[in-house]
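Note sheet for the following structure.
Residue numbers (the numbering used here), protein chains in the order written: chain Y, 101 to 265; chain E, 101 to 265; chain P, 101 to 265.
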């Protein structure tokens, strides 16, 4: 299979700069497991593009299913950007150092009666599998929440396993 | 103490087939820690029985406390079924390979003013302790969310620690 | 840098006794990683002081931003108390054994349209960094939920990495 960076290119996607945290936290935390492997906890990513929030509103009332899926895809791209930028990883082709995506938790800002959170978060899950192949498949929870930071439609957090070599 | 499978039998419970994911993800992810031990991330389980969703609705408006507790118990059984079926574990008596349940996160689809999420998720927590003994005791969060996939009343995700031998 | 216990004193804070779980779970679970290091999963902590719930209500309708931030700070203190009391850690100056805070998940019981979850959970994040220094910085998700156990305004769960020596 092609490298993750090559796959991104084939998909017509560009890895954005890793978004800065919205508040008092760090975007990733690396927990060494020994043998050069680490758990990488990725902070909740929101649909921010070039510093601007996209897809603000409740689903599907204010943001429709397609908009919410686009938001989830942006979250996934930002997660990949965070992994790529993570301190402690080698500098070149860091996405090649992903051993697996252990878990993904997706929060969808849901209007009353909306139960299609899986379809929304699938847009993120599918992207990870397209870019990382088998390594990108993950366990997952998708839930519908009342509100999200600054009103965004989707927030996604993840735990990766990465290697040094 | 009796084996987990024996305990299930004593409790009059049958381990169901591991439910298939509702979307683009895998039901479990195994993260080796060295020494034959692994973290096992279990995807969010919902109250599905034989492929059919049970206990759909908001608690306690549409599904009462007892119904929600039954939903939580089904989620816990499905979690055990996923652990039992997990690829990478030995084929025989896999539930015997549970070193501990590290954490459980329970989401209850809650009507306004409902604050008994702990009582709901207790039905899952108690089952894990009954079946797995000390190993089944876990750290936990229980929260009330607006909506859940396809309207189910409860969704539970878990992180286990399992061994190979 | 001063020891965590010394820093607490400087900040005018007293570590409370570790709150007892509200239901069928244990407050912490220690997952050994080898080399004397462990993941420590901390159960969801709520703003309980001396056994009494503080800051009950929806934010900002019933509990204002400052009240919610105070609730988040109490949750963080209770998390530190749980870590300090964790079985399996050395008895003296256990907070010195924190290698890092891997992740924090903050749930804020949010009224419709409230999107300042990050500002609320910052009160917890800032406290951890003030008390633990670099080790206290963490990845994080902050979400707004409909309801929380017994109506509290904030619930926070955490994963720490601790050492034996």
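Ideal placement from N, C-alpha and C gives every residue a C-beta, glycine not left out.
Nearest-angstrom Cα distance between residue i and residue j?
i	j	result
residue 167 of chain P	residue 151 of chain Y	30 Å
residue 241 of chain E	residue 149 of chain P	19 Å
residue 197 of chain Y	residue 217 of chain E	39 Å
residue 141 of chain E	residue 202 of chain E	10 Å
residue 156 of chain Y	residue 133 of chain E	40 Å
residue 162 of chain P	residue 209 of chain P	10 Å
residue 119 of chain Y	residue 177 of chain Y	10 Å
residue 169 of chain E	residue 233 of chain Y	38 Å
residue 227 of chain Y	residue 109 of chain Y	13 Å
residue 145 of chain P	residue 106 of chain Y	44 Å
residue 222 of chain Y	residue 153 of chain E	20 Å
residue 204 of chain Y	residue 104 of chain P	32 Å
residue 131 of chain P	residue 137 of chain E	10 Å
residue 213 of chain Y	residue 213 of chain E	18 Å
residue 122 of chain P	residue 115 of chain E	29 Å
residue 231 of chain P	residue 231 of chain E	40 Å
residue 139 of chain Y	residue 139 of chain P	11 Å
For residue i, which of the options has the nearest alpha-carbon?
i	options	result
residue 229 of chain E	E/195, E/132, E/253	E/195
residue 158 of chain P	P/258, P/250, P/264	P/250
residue 126 of chain Y	P/237, P/255, P/241, P/257	P/237
residue 117 of chain Y	Y/222, Y/248, Y/182	Y/182
residue 185 of chain P	P/133, P/129, P/153	P/129
residue 264 of chain Y	Y/227, Y/135, Y/141, Y/226	Y/135
residue 124 of chain P	E/252, E/206, E/247	E/206
residue 248 of chain E	Y/233, Y/243, Y/176	Y/243
residue 253 of chain E	E/177, E/222, E/226, E/165	E/165
residue 174 of chain E	E/105, E/109, E/113, E/137	E/113
residue 215 of chain P	Y/115, Y/131, Y/255	Y/255
Between residue i and residue j, how many whole angstroms is the CB-CB distance? I'm expecting something under 8 Å.
i	j	result
residue 261 of chain Y	residue 199 of chain Y	4 Å
residue 172 of chain E	residue 220 of chain E	5 Å
residue 258 of chain Y	residue 179 of chain Y	5 Å
residue 211 of chain P	residue 160 of chain P	6 Å
Report buried or exposed for residue i, applying the criterion of at least 16 other Cβ atoms within 10 angstroms of its Cβ.
i	result
residue 239 of chain Y	buried
residue 111 of chain Y	exposed
residue 224 of chain P	buried
residue 102 of chain E	exposed
Name the chain P residues that come within less than 9 Å of residue i, Cβ to Cβ?
i	result
residue 222 of chain E	123, 124, 125
Determine the chain Y residues that contact residue i at a beta-carbon separation under 8 Å, and present them in chain order.
i	result
residue 172 of chain E	Going along chain Y, no residue has its Cβ under 8 Å from residue 172 of chain E, so there is no contact; the nearest lies around 15 Å.
Find the residues of chain E that neighbour residue i, judging by a C-beta separation of less than 7 Å, and give them in chain order.
i	result
residue 218 of chain Y	122, 123, 249
residue 257 of chain P	241
residue 135 of chain Y	134
residue 253 of chain Y	Chain E residues near residue 253 of chain Y: none, gap ~13 Å exceeds 7 Å.
Run through chain Y and tell me which residues come within less than 7 Å of residue i, C-beta to C-beta.
i	result
residue 213 of chain E	Going along chain Y, no residue has its Cβ under 7 Å from residue 213 of chain E, so there is no contact; the nearest lies around 13 Å.
residue 145 of chain P	Simply none; closest approach about 17 Å.
residue 246 of chain P	246
residue 261 of chain P	131
Find the residues of chain P that neighbour residue i, judging by a C-beta separation of less than 7 Å, and give them in chain order.
i	result
residue 167 of chain E	Those within 7 Å of residue 167 of chain E in chain P number zero; the least Cβ separation is about 17 Å.
residue 142 of chain Y	239
residue 203 of chain E	129, 141
List the residues of chain E that residue i touches, going by C-beta distances under 8 Å, in chain order.
i	result
residue 207 of chain P	241, 243
residue 226 of chain Y	124
Give the residues of chain Y in contact with residue i, contact being defined as C-beta atoms less than 9 Å apart.
i	result
residue 200 of chain P	129, 130, 131
Along chain P, in chain order, which residues have C-beta atoms closer than 8 Å to that of residue i?
i	result
residue 210 of chain E	246, 247
residue 229 of chain E	124
Could you check if residue i belongs to the surroundings of the ligand GTP, using beta carbon to heavy atom distance under 6 Å?
i	result
residue 199 of chain E	What this structure holds is no ligand at all, so the ligand GTP is not there to describe.
Of all the CB atoms in chain B, is at least one closer than 7 Å to the CB of residue i?
i	result
residue 147 of chain E	Note that chain B does not occur in the displayed structure, where the protein chains are Y, E and P.
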